[in-house]
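Trainee: Oh and the sequence shown: position 203 is 203 in this note's numbering, straight run, nothing missing. Quick reminder that beta carbons are idealized off the backbone N, C-alpha and C, glycines included.
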Amino acid sequence: MPYQKLAALTFDDGPNPDVTVPLLDILLEARIPASFFLVGENITPLTVPVIERAAKQGCEICNHSFSHPDMTGLTPDEIRREVSVTSERIRQITGTAPRFFRPPYIAVSEEMFGLIPMPFIAGFGCDDFDPEVRTAERITRTMAQLRDGAVILLHDAKGNQQTVDAVRALIPMIRAEGYEFVTVSELFSRKQITPRSHIVYSYAEQTTMYAETE
Ligand SMILES: [Zn+2]
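Structural data, given as structure tokens:
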């Protein structure tokens, strides 16, 4: 069997019925998982069924803070609450506490590493939060940065139809390059890598430590 390259599709800022549900339809049809990094305040009676469906489909549910602040400006108590409230809500819905954290704006501090008991995941993005970056450009940018062990960073924020369209096109393109889609947990376990603190991972194989800048 040929060597299988791995990639993890990840989505931030949901859940959102308008965008997350069509994405789940695409993932289901392709029979692949993705990982959703949820903003806690978006977990509402309207979106709980979306989260339940994602988990049932084999997607991984991860933590992207409660209110999406730049957490480098928060007090230790605020940092802990941003993370713990969201983790607890997710645990109540899926039965499993999230294993990975994505810092809002990928803004990190030494204090956050000390207070947040999860590996930090970044990923490489195509600026799909910017409506001016059109679907075709999102596809081009994603393919240009793709390599084995990739964490692909996208957004299922409200109204982001262009990312739904991009994902629909990207899945067969990425598969044609010899990739298998996995969750973030699977990405690390299949690569036999234990994620460490002080690394903000965009690819599973990554060793550059975070260094605080003044
Ligand atoms: Zn975000």
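(1) Of all residues in the structure, which have a C-beta closer than 6 angstroms to any heavy atom of ligand 1, taken in chain order?
(2) Assuming Ile152 is part of the beta strand (DSSP E), what are its boundary residues?
(3) Nearest to Gly159 by CA position, among Ser202, Met71 and Pro17, is which residue?
(4) Tell me the DSSP secondary structure of Ile51 in three-state form.
(5) Let me check understanding here. Comparing Cα to Cα, which of Ala136, Leu187 and Tyr105 lies closest to Asp165?
(6) In terms of alpha-carbon separation, which member of Tyr179, Ile26 and Ala54 lies closest to Met143?
(7) Out of Pro69, Ser109 and Leu24, which has the shortest C-alpha to C-alpha gap to Pro33?
(8) I'd like to know whether the C-beta atoms of Thr20 and Asp148 end up nearer to each other than 8 angstroms.
(9) CA-CA distance, Ile171 and Ala54?
Mentor: Let me spell this out:
(1) Asp12, Asp13, His64, His68 and Pro104
(2) Ala150 to His155
(3) Pro17
(4) helix
(5) Ala136
(6) Tyr179
(7) Leu24
(8) no
(9) 17 angstroms
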